[in-house]
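K.L.:
Chains as they are written, first to last, in the UniProt record's numbering: chain F, 1 to 364; chain W, 1 to 364; chain A, 1 to 364; chain P, 1 to 364.
Ideal Cβ placement from N, Cα and C applies to all residues, glycine included.
Model, not experiment: these values are computed from the prediction.
Okay, handing you the structure first.
There are 4 protein chains.
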Amino acid sequence: MPVARVHRISADSPDDTAGLRQVIAAGQLDPAGITAIFGKTEGNGLVNDFSRGLAVRALTGLLEETLGYERAAQVCLVMSGGTEGGMAPHWTVFERQEGAAGASPALAIGKAHTPALAPEQLGRRAQVELVAEGVRAAMRDAAIDDPADVHFVQIKCPLLTAQRIAAADARGATVATRDTLKSMGLSRAASALGIGLALGEIDGSRITDAAIGSDWSLWSGRASTSAGIELMGHEIVVLGVSAAWSGPLAIDHAVMADGLDIEPVRAALARLGLDVPGQLPPSQRDRIVAVLAKAEASHDGRLRGHRHTMTDDSDISATRHARAFVAGSLGGLIGHAEIYVSGGAEHQGPDGGGPVAVIVSRAG
Amino acid sequence: MPVARVHRISADSPDDTAGLRQVIAAGQLDPAGITAIFGKTEGNGLVNDFSRGLAVRALTGLLEETLGYERAAQVCLVMSGGTEGGMAPHWTVFERQEGAAGASPALAIGKAHTPALAPEQLGRRAQVELVAEGVRAAMRDAAIDDPADVHFVQIKCPLLTAQRIAAADARGATVATRDTLKSMGLSRAASALGIGLALGEIDGSRITDAAIGSDWSLWSGRASTSAGIELMGHEIVVLGVSAAWSGPLAIDHAVMADGLDIEPVRAALARLGLDVPGQLPPSQRDRIVAVLAKAEASHDGRLRGHRHTMTDDSDISATRHARAFVAGSLGGLIGHAEIYVSGGAEHQGPDGGGPVAVIVSRAG
Amino acid sequence: MPVARVHRISADSPDDTAGLRQVIAAGQLDPAGITAIFGKTEGNGLVNDFSRGLAVRALTGLLEETLGYERAAQVCLVMSGGTEGGMAPHWTVFERQEGAAGASPALAIGKAHTPALAPEQLGRRAQVELVAEGVRAAMRDAAIDDPADVHFVQIKCPLLTAQRIAAADARGATVATRDTLKSMGLSRAASALGIGLALGEIDGSRITDAAIGSDWSLWSGRASTSAGIELMGHEIVVLGVSAAWSGPLAIDHAVMADGLDIEPVRAALARLGLDVPGQLPPSQRDRIVAVLAKAEASHDGRLRGHRHTMTDDSDISATRHARAFVAGSLGGLIGHAEIYVSGGAEHQGPDGGGPVAVIVSRAG
Amino acid sequence: MPVARVHRISADSPDDTAGLRQVIAAGQLDPAGITAIFGKTEGNGLVNDFSRGLAVRALTGLLEETLGYERAAQVCLVMSGGTEGGMAPHWTVFERQEGAAGASPALAIGKAHTPALAPEQLGRRAQVELVAEGVRAAMRDAAIDDPADVHFVQIKCPLLTAQRIAAADARGATVATRDTLKSMGLSRAASALGIGLALGEIDGSRITDAAIGSDWSLWSGRASTSAGIELMGHEIVVLGVSAAWSGPLAIDHAVMADGLDIEPVRAALARLGLDVPGQLPPSQRDRIVAVLAKAEASHDGRLRGHRHTMTDDSDISATRHARAFVAGSLGGLIGHAEIYVSGGAEHQGPDGGGPVAVIVSRAG
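Put into structure tokens, the structure is as follows:
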């Protein structure tokens, strides 16, 4: 029976694989079972974030050395740049092992890759459908039938660069935007809508080209999408609960309505057995395996009735502001900031908010 | 008997005085009693933050129009730049009126100005002493005898620019630093130590030139200092409790040990009658008049055992990261982000943490 | 007979009017004749550039004090933010006086204001037409009949903020973009096309909504447009040559094909009598009264066959890169950097290049 | 007889080695002879510039693949981050081959590595001496006896991070600065003084700890130093002229007194046979093999009598401003921007200026 294990490992730099090598050497992690690695790396999380590429090179090097080229290429590497505020750079390593049947249902992991997009498909309906197809494939891989059992879908999606736009131009194709930074938002948007489509959260007929990146009433409460310069396809990881899996880990999720809306997360923690009034005390904090969240500045420039300045700041991208802020609000609840807060939550939770998944160890 | 009133007013831009004009027109605020205005303005909070100068010009214009030049010049204007994360730009207007004796002791306000510093005194013992003298003057102005009754001291202090350094050079004087950004930190540091000296929190013999901006074991738990390009002296405002004052407002303070340490603030809220397990619900939130806090990145690059990247980020100043993050953690507790989080907390609370004062309306 | 005088005055800060007061006090400038002031101020030149607002407040204060409210309001204040690289913040003050008939034709100045735009007109054909109408009015004001005699048209145009977008939303109107930074580009683009339309440089039928900000084959070689948060209409200043004017000043212009294309500027200098092989020597440099230029990163990511990274940098806006770079290339020719290089040259010169006007004193 | 060849290769990303692979495959470059690669990569050139680390990984991978581990480790990789303005990311590959005796004297190349510094030695006299020793070793390697025949010395030196500072703290050692960004400047400063000491340009008795990074009257006209996070020792490359070498390449250098001082560079070009009045025309431009320059903002905040704002800008580092600006002034002379302008020119040329070396192909 498959067992999911999750290892959270601190990173001293974007290419620091020492911690990962150590848990492998100590026999705590069998590299053969690695299905995905989520990284929070310390770049700007935007177009010219080379911390992600550096991390991918370093992790790939380790995996190829350990597993060989072919198997290494099957591991989903999802690097989310940006550790603003007090966030700690770290890796979250997802491992699938065969084990004796234990507590079940339990955390289940599935994954899929999609083919490459053409630059002109990015941010359009074609991308939504490609992604929805990929999510369904990843659910099958996780042995999850009911979309209600899916608690988090992480997708790494592509972006446009000046050169990719030029390539489309050369073929006479029209891209959805010529602004490279904006292309990241459109790609995240289309990918999130693809998740919502696959999970039945959104009426597919409403997802038109025009709605992508503009109709914020359409959203998935379990989507997390990050854009990166290093790929033109999508890497998809589904996390959920399945009776076909066993093990010590449980997962649940919440949707924050805005960057301060931590009470739904507190409620999710309570459902998982961590029921506390204030900040998690160290004993309970230690049972937190991973916090996976999306953050975003609201498009109307307001937060609970007051003005915020994130979208009018031309020196710092709104995504960087939002990550720092939500790392603070969630960190105030959890008690540390080695958490995964990913920026750019277009169609991922309501406008200005975002989904949060929590993976915990069941109480001994 | 003096009565302190505090008005928190949203600002649509750094020169938006419409809200202030409105409360005056509505008779809710008598401009003759204005002693100080704290502003959170939306610049970068660093050397080239012109939002502060713009705010000072706009507020001064309004005050001169209303009160005349002489009286307007006596109002302490403390503009703290930087509304990172979801923080809302706003004014906090402190008013002193004579009223019938009511609930007492109550919030008391005092203020003082110091003479101008020479550029070469900035960041040195001479600045510490000048500030301590000013704090004592402001306490007398507030009718507070016991330093334990002081809960917050806000100081606006000067910084060096390339031209001020050149002026010192021309006289053969040596400045403490030639790095303009660093001069802001040194000025805040010396001012905070001056507060600690005046309040008896720090042994004066330990405050040497070398300790300023480097010996982080020296700190005040009630100091808040901001540097600005627009002055060469100091504007000092003392907030505390005095039996010589009456009125509906109460104040208390807490010290955060780090950017996530919100439980001491929760305890301060409880002492003020706002005792809740999670986030303040709207009914209690409405009794919050002002939250005044300092935020800072720890100098050892760690937060609760994990690495943070704030001090290694050359694109965004650590003070901007820290403000965004602490606005999130405090906002998660309070329930909104129209709060005053000021960056650069050198010697203001322990390294990586900072003081937080809360002013509330007593329950009806 | 009207005489145009131009005063270039260094600024120590965005609100430094001391130099201007000094030339007035010295009788070198009669404030009654001030028609326009162009400022290079030291903000980021983007949405949250408060150096422009601060400058406008300071200059307006001086003008109102000197000329009274009504006359002060007629002076065109065009503040262009961003003094990247070695550029020097300064004011260029345009004065129109009546004088004895001297050398003629000579530099002529005209101006106009347009009514306010609705947010939803920004970046669309309606803005183009409003601007073209305004340029024609400014030409009449300058007594210039032939568009070939116009050498520079400076326009200050509006931008969208989160709040202006919300205002349009509230009316059910659709804005051209919801990205505030991008709105600056669209507004500059539509204004530049309006100039090109008025000067007969562009076939009006080609200027559709879709072409604005995207069809870079449409451009004016004499347009300079800057967007600012402080207005919703347009301030238009036309500079050219007219036989109806006399005086010591001459003007010519060149079009740079890219940011390094300084030879056409050298040729314009030669036409104005400053004919030198290398950098202008100090004697000739002193005859330069003003250099007014536009700079921009090319949209294809290439400069003379090599890749540039300006449009892929998410930490620094491409407009800031381009201003710094062109300030270097033009400064290398002129010999100093107290020049006016304004960013965002959409439809102002060919893609990646921009117009440059030079005003010189005729040789004694 | 040794022959030096230099290959300038465009880079599409920090890890783009395709161009290098291509010239090797085409037989134009024999990898066995590679002694050094200088890279201009597109990061911020500051503490958190991961483009350099990524480039080093990519180039190292290629070299190890081609040459084996041991030989690859001997190649000096000097990655200078920051391609502001229109600068083009590129590699400059230095190759040493044995060839038939041709034109001589000719360009000669030498190199050396120093041992690792302790963090507390950085920015102090100990670093100066270590570097001077290394420069002498590199001159011997280049067969250059007379320091006057040295035209450029490139050094990659270390910087401090929060963690390296903590390591020194743990040993009770005191670092020269706790500000990681400032540590880059101190390291470049000490390294430049080490070059000046080795070349006899600076009186060694004047190089005290206090003078490093502060007495700008001490400088080398041939030093170029860059700080990087990826090493704790120094990589030193000396370029000059030696009668022991032959080949088609020549080198000379100039010192710019400020960022606009291009006439000395024009004079150096003339000495090398490229004698033109304006910008180099394409025919002559093609003979330019490499332009290697340093750029810096002057510490007094002035450029040719006017104020610059580079050192007062807290959003963009002065080093980034200076690189963009000097790329413009030099690019305006040379005619393209695939040049190597490296920031942070402490003690490298006079304050605000910097050395420039030019390598050209002798006319056929």
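Do Ala132 (chain A) and Val237 (chain A) have their C-beta atoms within less than 8 Å of each other?
P.N.:
In this structure, Val237 (chain A) does not lie closer than 8 Å to Ala132 (chain A) by Cβ.
K.L.:
List, from N- to C-terminal side, the beta strand (DSSP E) runs of 3 residues or more that fit wholly inside the segment 156-238 of chain W.
P.N.:
Counting only runs of 3 or more, we get 223-227.
K.L.:
How about the segment 320-331 of chain W and the segment 78-93 of chain W: do they share at least three Cβ pairs that are nearer than 8 Å?
P.N.:
The segment 320-331 of chain W vs the segment 78-93 of chain W: in contact.
K.L.:
List the endpoints of the continuous alpha helix (DSSP H) containing Glu65 (chain W).
P.N.:
Here the alpha helix (DSSP H) through Glu65 (chain W) covers 50-67.
K.L.:
For Thr41 (chain F), report the span of its beta strand (DSSP E) as first-last.
P.N.:
34-41
K.L.:
Grab the span of the beta strand (DSSP E) containing His90 (chain F) for me, first residue to last.
P.N.:
Note, His90 (chain F): beta strand (DSSP E), 90-98.
K.L.:
Hey, would you say the C-beta of Ala293 (chain P) is under 7 Å away from at least one heavy atom of the ligand SAM?
P.N.:
In the structure on display, the ligand SAM does not appear, and there are no ligands present to speak of.
K.L.:
Does DSSP classify Arg8 (chain A) as helix, strand or coil?
P.N.:
strand
K.L.:
On a Cα-Cα basis, can you pick out the residue from W:Arg304, W:Leu330, W:Val341 that is closest to Ile339 (chain F)?
P.N.:
W:Arg304
K.L.:
Three-state secondary structure (DSSP) at Gln154 (chain W)?
P.N.:
strand
K.L.:
Output needed in chain order: residues of the segment 13-25 of chain W with a Cβ under 9 Å from some Cβ in chain A.
P.N.:
Ser13, Pro14, Asp15
K.L.:
Could you check whether the segment 190-201 of chain W touches the segment 222-239 of chain W, counting it as contact only if at least three pairs of C-beta atoms, one from each stretch, sit closer than 8 Å?
P.N.:
yes
K.L.:
In or out: Gln127 (chain F) buried (at least 16 other Cβ within 10 Å) or exposed?
P.N.:
buried
K.L.:
Please decide whether His151 (chain A) counts as near chain F, where near means a Cβ-Cβ distance under 8 Å.
P.N.:
no
K.L.:
Could you check whether the Cβ of Leu46 (chain A) sits closer than 8 Å to any Cβ belonging to chain W?
P.N.:
Leu46 (chain A) does not count as touching chain W.
K.L.:
If we count Cβ pairs, one from each stretch, closer than 8 Å, do we get three or more for the segment 244-263 of chain A versus the segment 61-74 of chain A?
P.N.:
no
K.L.:
What are the residues that DSSP puts in a beta bridge with Ala250 (chain A)?
P.N.:
A:Val360
K.L.:
If we call anything under 8 Å between Cβ atoms a contact, is Val356 (chain P) one with Ala293 (chain P)?
P.N.:
yes
K.L.:
For Ser317 (chain A), which of helix, strand or coil comes out of DSSP?
P.N.:
coil
K.L.:
With a 10 Å radius around its C-beta and 16 neighbouring C-beta atoms as the bar for buried, classify Ala26 (chain P) as buried or exposed.
P.N.:
exposed
K.L.:
Grab me the residues of Gly200 (chain P)'s own chain with a C-beta within less than 8 Å of its C-beta, minus the 5 sequence neighbours each way, in chain order.
P.N.:
Cβ within range, chain order: Pro147.
K.L.:
Using the beta-carbon of each residue, which ones in chain W are nearer than 8 Å to Arg57 (chain A)?
P.N.:
Asp15, Leu54, Arg57, Ala58
K.L.:
Contact check, Thr35 (chain P) vs Pro14 (chain P) under 8 Å by CB: the rounded distance?
P.N.:
About 21 Å separates the two Cβ atoms, so there is no contact after all.
K.L.:
Could you please give me the residues that DSSP links to Leu107 (chain A) through a beta bridge?
P.N.:
A:Val241
K.L.:
Closest to Val78 (chain A) by C-alpha separation, out of A:Gly43, A:Arg287, A:Ile37, would be which residue?
P.N.:
A:Ile37
K.L.:
Who are the near neighbours of Leu272 (chain P) in its chain, counting only those whose CB is closer than 7 Å to its CB and skipping five residues on each side?
P.N.:
Ala250, Asp252, Val358, Val360
K.L.:
Measuring only the C-alpha atoms, how far is Val6 (chain F) from Gln348 (chain A)?
P.N.:
55 Å
K.L.:
How about Gly99 (chain F) and Ser246 (chain F): are their beta carbons less than 8 Å apart?
P.N.:
yes
K.L.:
Using a Cβ-Cβ cut-off of less than 9 Å, list which residues of the segment 307-318 of chain W approach chain F; keep chain order.
P.N.:
Arg307, His308, Thr309, Met310, Asp312, Asp313, Asp315, Ile316
K.L.:
For Glu235 (chain P), which option in P:Gly185, P:Gly134, P:Thr311, P:Phe152 has the closest C-alpha, if you only look at C-alpha atoms?
P.N.:
P:Gly134
K.L.:
Measuring alpha carbon to alpha carbon, tell me which of F:Leu62, F:Ile212, F:Gly233, F:Ser329 ends up nearest Leu20 (chain F).
P.N.:
F:Leu62
K.L.:
With distances taken between CB atoms, is the gap from Ala345 (chain F) to Ala295 (chain F) smaller than 8 Å?
P.N.:
If you check the CB distance, Ala345 (chain F) and Ala295 (chain F) come in under 8 Å.
K.L.:
Do you know offhand how far Val47 (chain A)'s Cα is from Glu129 (chain W)'s?
P.N.:
41 Å
K.L.:
Less than 7 Å between C-beta atoms, sequence neighbours within five positions excluded: which residues of the same chain meet that for Ile9 (chain W)?
P.N.:
Gly19, Leu20, Val23, His90, Trp91, Val93
K.L.:
In terms of residues, what are the limits of the alpha helix (DSSP H) holding Ile24 (chain A)?
P.N.:
18-25
K.L.:
Using the rule of at least 16 other Cβ atoms within 10 Å of the residue's Cβ for burial, across every protein chain shown, is Asp312 (chain P) buried or exposed?
P.N.:
Burial state of Asp312 (chain P) is buried, judged by a 10 Å Cβ sphere holding 16 or more other Cβ atoms.
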